[in-house]
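Before any comments, here is the structure.
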Ligand SMILES: [Zn+2]
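In our numbering, the protein residues as written are 23 to 307.
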């Protein structure tokens, strides 16, 4: 596969992680409550800049027989450094009309933006778009109260506008769920609230192998090493940290591989508990 794509099997389920691109964020948006000295040391030891986080956007393509499922759609036209998902799918032999199911872990612009094209129409015309009912209600009925985010006000406004624009364009293709639900054989969506009210994790299981895609329950490997470090994009920080602990502890105890949308590509790897608390991240499949 070309750079930006990586294929692997979860039992009999064929998976590909596909890079939609990336975006450069101010570091405090990702680590609003981190101890500054520890954060600086941790970033420096990884050879990463201190002021900005270069954050990948990685979607998950799942092929089960003829079923084609895409988890998250990337940022679409939101920035010049994202919006590659349709090209990546073509390279994997998938046309937009072949996608039967899109799962949206949540309705932030970097996850839903690619579901609507530059003409304002659905990118994947034949796909049902699975989303938590709570997520739909939060953005559409509740108008999305974003006061809990530790982000600039103009960014909050644009996040709300993008969610409503995209969900509106997809309204005839949205299928909401209100509990843990099997989306396709061996693919389950699990409520994972905190980052957003209806945030979902996706669990793949086949032939004794498991992969859990935690979405944005952790957006940087340092959120595993330092589980109490919050993310400024989390609407309810305490709930988000509790969800992260639950998901990662399950991955460790049940020997699941873990995927996170914003982790360094290929965004899949293993987690292991550290004696001093938190978890280590070892990339790769
Ligand atoms: Zn995200």
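Backbone N, C-alpha and C define an ideal beta-carbon position, used for all residues, glycine too.
* To do: Could you tell me if the beta carbon of residue 52 falls within a distance shorter than 7 Å of some heavy atom in ligand 1?
  => Not one heavy atom of ligand 1 sits closer than 7 Å to the Cβ of residue 52.
* Asked: Would you say the beta carbon of residue 221 comes nearer than 7 Å to a heavy atom of ligand 1?
  -> Flag unset: Cβ of residue 221 not near ligand 1.
* Asked: Which ranges does the alpha helix (DSSP H) cover as unbroken runs of at least 4 residues, wholly within the region 80-121, from first to last along the chain?
  -> DSSP runs (the alpha helix (DSSP H)) wholly in the region 80-121: 107-113.
* Quick one: residues in its chain with C-beta nearer than 8 Å to the C-beta of residue 108, no 5 flanking neighbours on either side, listed in chain order? => Same-chain partners within the cutoff: 118, 136 and 145.
* To do: In angstroms with no decimal places, state the Cα-to-Cα distance between residue 188 and residue 222.
  => Roughly 18 Å between the two C-alpha positions.
* With residue 143 and residue 66 assumed to form a contact (beta carbons below 8 Å), what rounded beta-carbon distance in angstroms separates them? -> Contact doesn't hold; Cβ gap of about 45 Å is too wide.
* To do: Report yes or no: do three or more beta-carbon pairs, one from the region 151-164 and one from the region 122-135, lie closer than 8 Å?
  => Taking one beta carbon from each stretch, the region 151-164 and the region 122-135 have 3 or more pairs nearer than 8 Å; the two touch.
* Asked: How long is the line joining the alpha carbons of residue 106 and residue 113, rounded to whole angstroms?
  -> If you take the alpha carbons of residue 106 and residue 113, they lie about 11 Å apart.
* Whole beta strand (DSSP E) elements within the region 124-165, 3-residue minimum -> You should have 150-154.
* Element boundaries [beta strand (DSSP E), containing residue 197] -> Residue 197 -> beta strand (DSSP E) spans 196-199.
* **Buried or exposed by the 16-neighbour rule on C-beta atoms within 10 Å, applied to residue 102** => That one is exposed.
* Asked: Which stretch, first to last residue, makes up the beta strand (DSSP E) that contains residue 282?
  -> Neither: residue 282 is in no beta strand (DSSP E) and is coded neither H nor E.
* Asked: Roughly how many angstroms separate the alpha carbons of residue 217 and residue 238, rounded to a whole number?
  -> Their Cα atoms are separated by approximately 7 Å.
* Quick one: does the C-beta of residue 256 sit closer than 7 Å to a heavy atom of ligand 1? -> Outside the cutoff, so no.
* Asked: Going by the C-beta, is residue 120 closer than 7 Å to any heavy atom of ligand 1?
  -> Shortest gap from the CB of residue 120 to any heavy atom of ligand 1: 7 Å or more.
* **Segment limits, alpha helix (DSSP H) that includes residue 45** => Annotation: residue 45 is outside any alpha helix (DSSP H); the continuous beta strand (DSSP E) that includes it extends over 35-48.
* Does the Cβ of residue 71 have 16 or more other Cβ atoms within 10 Å, making it buried, or fewer, making it exposed? -> A residue is called buried when at least 16 other Cβ atoms come within 10 angstroms of its Cβ; residue 71 does not meet this threshold and is exposed.
* Could you give the residue range of the beta strand (DSSP E) that holds residue 302? -> Where residue 302 is concerned, the enclosing beta strand (DSSP E) starts and stops at 301-305.
* When you get a sec, list the residues whose CB is within less than 6 Å of any heavy atom of ligand 1, chain order please. => Result (chain order): 130, 132, 133, 238, 283 and 284.
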